[in-house]
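Written out below as structure tokens is the structure these notes cover.
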Amino acid sequence: MVISIYANLTTPLPGARQCKYTGQSVRAVPIRILTVGKKRSPGVQLIVDEYIRKLNHYCTVDDVQIRSNPRNASDVRAQVDDEDTAMMSIIRSDDWVVMLDENGQDIGSEQMAELVGDAGNTGASRLSFCIGGPYGHGRQLRERANISIKLSTLVLNHQIALLVLMEQLYRSWTILKGQKYHH
Numbered sequence: 001m002v003i004s005i006y007a008n009l010t011t012p013l014p015g016a017r018q019c020k021y022t023g024q025s026v027r028a029v030p031i032r033i034l035t036v037g038k039k040r041s042p043g044v045q046l047i048v049d050e051y052i053r054k055l056n057h058y059c060t061v062d063d064v065q066i067r068s069n070p071r072n073a074s075d076v077r078a079q080v081d082d083e084d085t086a087m088m089s090i091i092r093s094d095d096w097v098v099m100l101d102e103n104g105q106d107i108g109s110e111q112m113a114e115l116v117g118d119a120g121n122t123g124a125s126r127l128s129f130c131i132g133g134p135y136g137h138g139r140q141l142r143e144r145a146n147i148s149i150k151l152s153t154l155v156l157n158h159q160i161a162l163l164v165l166m167e168q169l170y171r172s173w174t175i176l177k178g179q180k181y182h183h
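Numbering-wise (the UniProt record's numbering), the sequence shown opens with residue 1 and increments by one.
Below is the structure:
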């Protein structure tokens, strides 16, 4: 599906960088969010559901929760490997994979919007965002990821990272559509 976008032509703030797709058409690629962790708190789930509802105006969003330490491994390395295997079993070969990692590229909201816009040009059938468990991501995902980004220079637990990601995805689409949410 191609969505036409019309820019709200306002002057950006000094030093601010405008998204290269604002005012252009981008292909809306379905988004899948993969999160490793324990069961979410009801408050976090409520906010996630609200952002999914908002994002569904722009693209489809699939929220997948992967249980942390699925085999109750006592060894940290085994735990990360198990979580890695579970995540990799869900990722398809034609996914554009974005790994959220504390050592990833530091990007701003305009760059996040470009990442969402770029996904439609890659030939990918889906944009998959991966949030790791308490010990991070395993080797398989690190090798498979198309890009690694960080949401903050602060280390965030998986529930907070998920909320920040959801808001930034919504913000990305408002940037792409030239809507007034982002200023």
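No residue lacks a Cβ here, since even glycine has one placed at the ideal position from N, Cα and C.
Only a predicted model underlies this, so the values are computations on that prediction, with no experimental measurement involved.
- Proximity to L141 across K150, K180, F129 peaks at F129, based on C-alpha coordinates.
- Boundaries of the alpha helix (DSSP H) around I47: 42 to 55.
- Residue I66 holds the alpha-carbon nearest to the alpha-carbon of V80 among L156, R92, I66.
- Scanning S68, A161, Q105, Y181 for the CA closest to the CA of N146 turns up Q105.
- One alpha carbon belongs to V76, the other to E83, and they sit about 11 Å apart.
- Within its own chain, the residues whose Cβ lies closer than 7 Å to the Cβ of A73, once the five positions on either side in sequence are excluded, are Q79, D82, listed in chain order.
- Taking C-beta atoms as the reference points, V98 and R144 fail to come closer than 8 Å.
- A straight-line Cα-Cα distance of about 20 Å links Q24 and N56.
- Rounded to whole angstroms, the separation of the alpha carbons of R71 and E167 is 32 Å.
- Within the DSSP secondary-structure output, I31 pairs in a beta bridge with V61, L127.
- Counting C-beta atoms within 10 angstroms of its own C-beta, K177 has 16 or more neighbours from the protein chains shown and is therefore classed as buried.
- Excluding the 5 residues flanking it on each side, V36 has same chain C-beta neighbours closer than 6 Å at I66, S68, E83, G132, G133, in chain order.
- With respect to the 8 Å criterion, Q159 and R40 are classified as neighbours on the basis of their beta carbons.
- Judged by beta-carbon spacing, V116 lies within the 8 Å limit of L127, meaning their Cβ atoms are closer than that value.
- Under the three-state reduction of DSSP, S172 is assigned to helix.
- Across the structure, Y170 and L163 are spaced so that their CA atoms are roughly 11 Å apart.
- Nearest C-alpha to M112 among I149, I91, M87: I149.
- When beta bridges are read from the DSSP output, Q105 appears opposite I149.
- The Cβ atoms of P30 and D63 lie no closer than 8 Å to each other.
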